Structure formats: structure tokens, C-alpha cells
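Asks: My questions all concern the structure below.
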Amino acid sequence: MKWLVSALLVSLSLPCALQAKGLDKLQPTTEEEKEEAEKDRETKEEKGIVDRDVKTVPAAEGKAVAPETKVEATDAKKGEVAGKKAPVKEPEIPVEPGFQAWYLGTSLNWINTDGPEGDWHSSSTADLELGYRVMKKWLEHYDLYATLRYRPVDVTIELEQRAYRGILESYLAGVKAQREISSSLFLVGSAEIGLSRTSVSAIDGVQKVDGSLEKSSVDLTVGGGVSYLILEKLALGTQLHLGVGAHKTVQFGLDLRFLL
Numbered sequence: 653m654k655w656l657v658s659a660l661l662v663s664l665s666l667p668c669a670l671q672a673k674g675l676d677k678l679q680p681t682t683e684e685e686k687e688e689a690e691k692d693r694e695t696k697e698e699k700g701i702v703d704r705d706v707k708t709v710p711a712a713e714g715k716a717v718a719p720e721t722k723v724e725a726t727d728a729k730k731g732e733v734a735g736k737k738a739p740v741k742e743p744e745i746p747v748e749p750g751f752q753a754w755y756l757g758t759s760l761n762w763i764n765t766d767g768p769e770g771d772w773h774s775s776s777t778a779d780l781e782l783g784y785r786v787m788k789k790w791l792e793h794y795d796l797y798a799t800l801r802y803r804p805v806d807v808t809i810e811l812e813q814r815a816y817r818g819i820l821e822s823y824l825a826g827v828k829a830q831r832e833i834s835s836s837l838f839l840v841g842s843a844e845i846g847l848s849r850t851s852v853s854a855i856d857g858v859q860k861v862d863g864s865l866e867k868s869s870v871d872l873t874v875g876g877g878v879s880y881l882i883l884e885k886l887a888l889g890t891q892l893h894l895g896v897g898a899h900k901t902v903q904f905g906l907d908l909r910f911l912l
């Protein structure tokens, strides 16, 4: 019986002794080993703290971002801007001061007319003119315009003790030269050639009309004057025209031009 009790005591005490012996082996046995173990533990703890900081602190929370990351972001933005084309504005065409390429003119004139036969009398006329600029700065100073002008004139003719009343219509084509004196004042000169035709009827009631009065003829005119820009699209001036063709005319009056 005693040996049984002894065996039980040995079986209970043996594991405890072995466990204590194993723990003794795990602990450092000298001061140097303790210091080395302490240094290793501190080193591991520092490494663990650094790793934890790197993993848990994202760059988006206001922390410093690596220069390489900034360069990549900047390049990406530049690429987006380059990919989007900025809208291109068409350059505005500046409005040229002074007279433009086209104009439409009219005038109210006193006119004296002398025909090939008989005594001619006339007092006034109003004409219509269209001009187009064909050359700028001719001889460095002149703008040249091609012109078309229609000029009707009321006339009274006395021939061989008979009186006739009618209209003298002239269709004239020519060239007008214009020189700028200032930003608003211009000198004007013109030369024209065209056809004129007279249509008359007898005042005395006799239907027969002398055929020589209604013949078509070639007319030549030269003229000159000034023109002043009173508004951006409106010019007012005076001109004198002399007719030196089949019909001798002197025409002077106010000239009004609308710039188109």
C-alpha cells in the first residue's frame, strides 16, 4: 500500500518539476543575456510601431505625399487639360473707317442744258448713282470707284417757232477718284461717258415732232467736289459736273451718299 501512495506522489510532483525546469531554461541566466534580450525586445517594438504607422496612416489624411506621387498627379492633370481643346474665337473683322466698298448716292442739282439744235431750257435735276471700289491707294493716295449714274432732266425746247417739253435721260458709266484729306473729309473727281436720249412732246398741240430732237447721242462729263462724313454710314458733299458731249451741261448741287 505504501508503494502505491509513493507512486501517486511521484506522478503528481514530476510534471511540476519538469515545467519549472523548462521555464528556467527560457529565462536568461546571466546579466549580459538579459541586456541582449532587452535590446532585442525594444528593437522589435520599434519596428512594430513603424510598420503599424506606415500601414494605418493613409496619404489622403493630410500626411506628406512622396514627390513621385505629386509628379504623377501633376502629369495626369496636364494630360487632361491637353486633351480638352479650348474653344477658338474667330478674330473679329475690324470696321474700316471712312468709305466702304459700296455706296448708293443721290443728288439735288441746278442744271443748265444746251442741246445740238434749238434753244434748251432746264432748271433742276435729281440723279441716282451706284459706286463700287475697285482699287485702294492708287498712287498711294486715291481710292478708285467704278460708277453707274442715271440722270433725268426736265427740258423745254424751242425750235422753228415751236415749243416742246420733255425729258433728257442720261445713262453714264465712269470712274470716281477719292482722296482722303482728313478722317472725315475727302476730295472727289470723276469722269463719265454714256448715252443720252430726249423724249419730247409739242406744247402747241400739234402731234408732229421734229425727229432731230429725239436722237440718241454720246455724252461725256467730268466733275469734282468734296464729300464729308457726317455719320458713320452717311456722307454729304457738293459736286460740279460739266458735260462736254452732244449735250452741253453745267450741273451743281448737293451730293448725298449712303455707305453700304
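Going left to right, the sequence shown walks through residues 653 to 912 as the numbering used here numbers them.
Just so it is clear, CB atoms sit at the ideal spot from N, CA and C, and this is done for glycine as well.
Remember, it's a predicted structure, so these values are computed and weren't measured experimentally.
Can you pull the DSSP bridge partners for residue 781?
Replies: Note: residue 781 sits in a beta bridge opposite 757 and 801.
Asks: What's the C-alpha gap between residue 798 and residue 807?
Replies: 28 Å
Asks: Just mark residue 789 as buried or exposed, buried being the case when its beta carbon has 16 or more other beta carbons within 10 Å.
Replies: exposed
Asks: Does the region 778–787 come close enough to the region 867–877 to have 3 or more Cβ pairs within less than 8 Å?
Replies: no
Asks: Is residue 692 helix, strand or coil by DSSP?
Replies: helix
Asks: In three-state terms, what does DSSP make of residue 776?
Replies: Three-state result, residue 776: strand.
Asks: Taking three-plus beta-carbon pairs below 8 Å as touching, is the region 880–889 in contact with the region 821–831?
Replies: no
Asks: Starting from residue 906 and walking both ways along the beta strand (DSSP E), at which residues does that stretch end?
Replies: Per DSSP, residue 906 belongs to the beta strand (DSSP E) from 900–911.
Asks: Report yes if the C-beta distance between residue 765 and residue 754 is below 8 Å; otherwise report no.
Replies: no
Asks: Kindly indicate which residue of 850, 861, 826 and 906 has the alpha-carbon position closest to the one of residue 812.
Replies: 861
Asks: Based on the DSSP secondary-structure assignment, which residues constitute the bridge partners of residue 830?
Replies: Paired residues: 795 and 840.
Asks: Where do the N-terminal and C-terminal ends of the beta strand (DSSP E) with residue 865 fall, by residue?
Replies: From DSSP, residue 865 is part of no beta strand (DSSP E); its letter is neither H nor E.
Asks: Rounded C-beta distance between residue 826 and residue 842? I'm assuming under 8 Å.
Replies: 6 Å
Asks: Helix, strand or coil, according to DSSP, for residue 885 in the structure here?
Replies: coil
Asks: Can you look up residue 687 in the DSSP assignment and give me helix, strand or coil?
Replies: helix
Asks: Helix, strand or coil for residue 835, going by three-state DSSP, please let me know.
Replies: In the structure shown, residue 835 sits in coil (DSSP, three-state: anything other than H, G, I, E or B).
Asks: Which residues in the same chain have their Cβ closer than 6 Å to the Cβ of residue 851, if we skip the five residues on either side of it in sequence?
Replies: 818 and 819
Asks: So residue 757 packs on residue 783, CB below 8 Å; how close in whole Å?
Replies: 7 Å
Asks: Please say whether residue 865 and residue 895 have beta carbons closer to each other than 8 Å?
Replies: no
Asks: Using C-beta distances below 6 Å, list every residue in its chain close to residue 897, excluding the 5 sequence neighbours before and after it, in chain order.
Replies: 870, 871 and 872
Asks: Using DSSP bridges, identify the partner residues of residue 766.
Replies: 900
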